[in-house]
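Here the structure is laid out as structure tokens; the discussion comes afterwards.
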Amino acid sequence: MPKLVSIAAPEPAKSIAPGSKAPAGPQAAEKYLVSVQPSRIDGHGVFAAEPIPARRKIGEMRGELISVAEARRRIKGRARIHMVEVSERRAIDATESDGPLRYINHSCLPNAVLRIRQGRAEFYAIRDIEPGEELTADYGESHHEGRLRCACGAPNCKGRL
Numbered sequence: 001m002p003k004l005v006s007i008a009a010p011e012p013a014k015s016i017a018p019g020s021k022a023p024a025g026p027q028a029a030e031k032y033l034v035s036v037q038p039s040r041i042d043g044h045g046v047f048a049a050e051p052i053p054a055r056r057k058i059g060e061m062r063g064e065l066i067s068v069a070e071a072r073r074r075i076k077g078r079a080r081i082h083m084v085e086v087s088e089r090r091a092i093d094a095t096e097s098d099g100p101l102r103y104i105n106h107s108c109l110p111n112a113v114l115r116i117r118q119g120r121a122e123f124y125a126i127r128d129i130e131p132g133e134e135l136t137a138d139y140g141e142s143h144h145e146g147r148l149r150c151a152c153g154a155p156n157c158k159g160r161l
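Counted the way our numbering counts, the sequence shown spans residues 1 to 161.
Dropping the structure here:
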């Protein structure tokens with residue numbers, strides 16, 4: 001059975017293996033239990049372990065704050081990208097983060113949305129999310145530039161990222 005992790009306020013980045021329990025941290029305004037486990041979409045994904053109501057903040061993607069230039073340098077030649085640009089000059093590299101939300105996969109029919117607010121990458125539920133359901137977000141424009149095949153399986157799948 002997968003281990004559950006709590007989504008909490010940002011902490012310094014540490015490595016954590018999928019399925020491992022994240023260290024306890026400060027309490028967030030909204031807190032939902034999730035698990036990181038194998039995904040039918042790609043690699044590992046984030047799954048709700050309790051109901052998540054629509055329009056609620058799920059949590060934040062945590063990681064190292066770096067320049068966009070450094071982020072673009074780091075992603076060259078990498079198959080897995082755990083980065084989000086949060087401004088014209090700054091990006092979050094979640095590659096070494098202990099935060100489970102770095103494992104949120106893309107879907108063309110997502111149940112969560114990524115919002116950039118005040119230099120933070122925050123995920124919110126678009127609709128009610130049931131326990132056991134994988135959390136997904138539409139990556140929109142990404143650094144894959146149409147080279148990556150989409151595997152979301154949604155009826156409206158665009159086919160490429």
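Where a beta carbon is used, it is the ideal one built from N, C-alpha and C, also for glycine. Fair warning: this is a prediction, and the values are worked out from it, not measured in the lab.
Could you tell me the alpha carbon to alpha carbon distance between residue i and residue j, rounded to whole angstroms?
i    : j    : result
L148 : L135 : 20 Å
I126 : Y139 : 14 Å
R74  : E64  : 12 Å
E133 : V84  : 23 Å
A154 : S87  : 30 Å
N105 : A49  : 16 Å
Y116 : R72  : Note on residue identity: the sequence assigns Ile, not Tyr, to residue 116. Going from the Cα of I116 to the Cα of R72 covers about 18 Å.
R89  : R62  : 17 Å
S39  : V46  : 8 Å
K31  : I52  : 9 Å
By a C-beta neighbour count over all protein chains shown, 10 Å radius and 16 as the cutoff for buried, is residue i buried or exposed?
i    : result
N156 : exposed
P100 : buried
I92  : buried
S97  : buried
S67  : exposed
G59  : buried
A69  : exposed
V34  : buried
Does residue i come out as helix, strand or coil in the three-state DSSP assignment?
i    : result
V34  : strand
V86  : coil
L101 : helix
A29  : Since pLDDT at A29 reaches only 32, below the 50 mark, its modelled position is unreliable, and the value read off the structure follows with that caveat. In the structure shown, A29 sits in coil (DSSP, three-state: anything other than H, G, I, E or B).
R117 : strand
A71  : helix
D93  : strand
E130 : coil
Y124 : strand
G59  : strand
I52  : strand
A151 : coil
Compare the C-alpha of residue i against each of the options and name the closest.
i    : options                  : result
V36  : Q118, Y103 and L109      : Y103
A112 : Y32, A54 and G45         : A54
L109 : V46, I129, C152 and E130 : C152
R56  : G159, F123 and R160      : F123
Measure the beta-carbon distance from residue i to residue j and round it to whole angstroms, keeping in mind my assumption that it falls under 8 Å.
i   : j   : result
R78 : G43 : At roughly 13 Å, the Cβ-Cβ gap does not stay under 8 Å, so R78 and G43 are not in contact.
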